Amino acid sequence: MTSPRTALVTGANQGLGRAIVEGLAAALAPTDRVLLAGRRPDAVQDAATEIAAAVPRGAGVEPYVLDVRDPAAIEALAADLGEIDIVFSNATARMSPDDDPADRVDAVAETSNLATSRILRAFGPRLRPGGRLVVVASALGTLDKLDARVRPRFAAAAEADLDAVDDLVAQWRAAVHAGRAEEQGYGAWLNIPSKVAQVAAVRAYARERRADDLARGTLVAALCPGLIDTAASRPWFADMSTAQTPAQAAAWPVELAAGELTASALAAFHGELVQFGRVLPWRTGIPVPHRATT
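So for the sequence shown, our numbering puts the first residue at 100; every next one is plus one.
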């Protein structure tokens, strides 16, 4: 008899995170549980109640208040759960093209980058055999999206360890606050270095445990969900005609997390940025037709 499975989705009270929770609730067994985590107690509770009503015979959906910027809160949840089967690190800080980068860089770095490293450290060792730890990133998370001056630094951090990635994030963050990000090669957009650093963190962490993970059928990967029509993404893209709904975007990630993977797929996806069943090349990426900013 299969033991009940536990899944955690952060940033889950709206958008893609909420759609992933609903998809997991439908895909998993009634004896399984899905923790719907977010910062606002009312939003988390409302989302969990609505999903439970929409998927009445699915896995249990439990609201959980979690601020991923709080390292003690992440450690406490990981210790409380002990072992886990599925983790989606999905929380992100919203920003727009009109934001002053110096005003937003702390929220972005702490929510998307430091939290990613902490979740990898806290939950990676607690994955059961066959488990999945997926960091939701972006097609902007490949080296080609960076200025050539800083690409080698991000590549080197990805080949080192999580501490090296965190140190590079701190340097980028300091450059933004000092008003020197563009002259140092980080660029004016926060989301590009942030997303590249997220993928670098996954690569660094996954490389160290690859042999053991493949032997245990365990996956650690970054995810590009594709363009999704949300209030957060609309300011960044001139053409949303091909954008997915959150439910459409959640379908493949749910399949990846809840379904079976062949040994060859597991080996191909491990430590990589994946989208719709393919690996996005770390060095060359794919084109991203985003809105130009000044």
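Think of the CB as a built atom: it goes at the ideal place given N, C-alpha and C, for glycine as much as any other residue.
Note that the coordinates shown come from a computational prediction; the quantities given were computed from them, not determined experimentally.
Notebook entry, point to check: Can you list the alpha helix (DSSP H) stretches of 4 or more residues lying completely in the segment 257 to 332, in chain order?
Noted result: 261 to 276 and 290 to 315
Note to self: Quick test of the definition: if touching needs 3 or more C-beta pairs under 8 Å, does the segment 279 to 291 touch the segment 359 to 373?
What the structure shows: no
Checklist line | Straight-line Cα distance separating Arg279 from Val133 | finding: Numbered from its first residue, the sequence shown carries residue 133 at position 34. Numbered from its first residue, the sequence shown carries residue 279 at position 180. Computed Cα separation, rounded: 43 Å.
Check: By DSSP, does Glu371 sit in helix, in strand, or in coil?
Finding: Reading the sequence shown from its first residue, position 272 is the one you call residue 371. Glu371 falls in the coil class under three-state DSSP.
Next item on the list: Pull up the distance between the alpha-carbon of Leu239 and that of Pro324, whole angstroms please.
Entry: As a first step, residue 239 must be located in the sequence shown, where it is residue number 140. As a first step, residue 324 must be located in the sequence shown, where it is residue number 225. About 11 Å.
Margin query: Could you compute how far the alpha carbon of Glu354 sits from the alpha carbon of Gly316?
Written below: Locating residue 354 in the sequence shown gives position 255, counting from the first residue. Locating residue 316 in the sequence shown gives position 217, counting from the first residue. Cα to Cα, Glu354 sits roughly 15 Å from Gly316.
Next item on the list: Rank Pro388, Asp166, Trp381 and Ser102 by C-alpha distance to the C-alpha of Asp243 and give the top, closest one.
Entry: Residue 243 sits at position 144 when you count from the first residue of the sequence shown. Of the listed residues, the one whose Cα sits closest to Asp243 is Trp381.
Check: Taking the Cβ atom as the reference point for each residue, do Ala356 and Leu213 lie within a distance shorter than 8 Å?
Finding: Within the sequence shown, numbered from 1, the residue matching residue 356 stands at position 257. Within the sequence shown, numbered from 1, the residue matching residue 213 stands at position 114. The answer is no: Cβ separation not under 8 Å.
Check: In whole angstroms, what is the alpha-carbon distance linking Thr361 and Pro386?
Finding: On the sequence shown, position 262 is the one that residue 361 refers to. On the sequence shown, position 287 is the one that residue 386 refers to. Taking the straight line from one Cα to the other gives about 29 Å.
Next item on the list: Pick helix, strand or coil for Thr105, following the three-state DSSP scheme.
Entry: Taking the sequence shown and counting its residues from 1, the one referred to as residue 105 is at position 6. In this structure, Thr105 counts as strand in the three-state DSSP scheme.
Next item on the list: Give the secondary structure of Gln113 by DSSP, where H, G and I count as helix, E and B as strand, and everything else as coil.
Entry: As a working mapping, residue 113 is identified with position 14 in the sequence shown. Coil, per DSSP.
Margin query: When you compare the CB positions of Leu261 and Ala303, do they come within less than 8 Å of one another, or not?
Written below: Counted from its first residue, the sequence shown places residue 261 at position 162. Counted from its first residue, the sequence shown places residue 303 at position 204. Yes, these two residues count as a Cβ contact at 8 Å.
Notebook entry, point to check: Roughly how far, in whole angstroms, is the beta-carbon of Glu161 from the beta-carbon of Leu135, given that I think they are within contact range, below 8 Å?
Noted result: Position 62 of the sequence shown, counted from the start, is the residue given in the question as residue 161. Position 36 of the sequence shown, counted from the start, is the residue given in the question as residue 135. So it is a contact: roughly 7 Å between Cβ atoms.
Note to self: Does any residue of chain D have a CB that is nearer than 8 Å to the CB of Ala296?
What the structure shows: In the displayed structure, chain D is absent; only one protein chain is listed.
Checklist line | Where Glu174 falls: helix, strand or coil (DSSP) | finding: Translated into positions along the sequence shown, residue 174 becomes position 75. The answer is helix: DSSP assigns Glu174 an H, G or I state.
Next item on the list: Check whether the segment 328 to 347 touches the segment 293 to 311, taking contact to mean three or more Cβ pairs, one atom from each stretch, closer than 8 Å.
Entry: no
Margin query: For Val275 and Thr344, what's the separation of their Cα atoms in angstroms?
Written below: As a position in the sequence shown, residue 275 is number 176, starting the count at 1. As a position in the sequence shown, residue 344 is number 245, starting the count at 1. Using only the alpha carbons, I get a separation of about 33 Å.
Next item on the list: Could you say which of Val164, Glu209, Glu282 and Pro196 lies nearest to Asp337 if we only look at CA atoms?
Entry: What you label residue 337 is simply residue 238 of the sequence shown in a count that begins at 1. The displayed chain sequence assigns Ala, not Asp, to residue 337. When each option's Cα is compared against that of Ala337, the closest is Pro196.
Margin query: Mapping the DSSP letters down to three states, classify Ala238 as helix, strand or coil.
Written below: In the sequence shown, counting from the first residue as 1, residue 238 sits at position 139. Residue state, collapsed to three classes: coil.
Next item on the list: Grab the span of the alpha helix (DSSP H) containing Asp141 for me, first residue to last.
Entry: As a position in the sequence shown, residue 141 is number 42, starting the count at 1. Segment Pro140 to Ala153, the alpha helix (DSSP H) holding Asp141.
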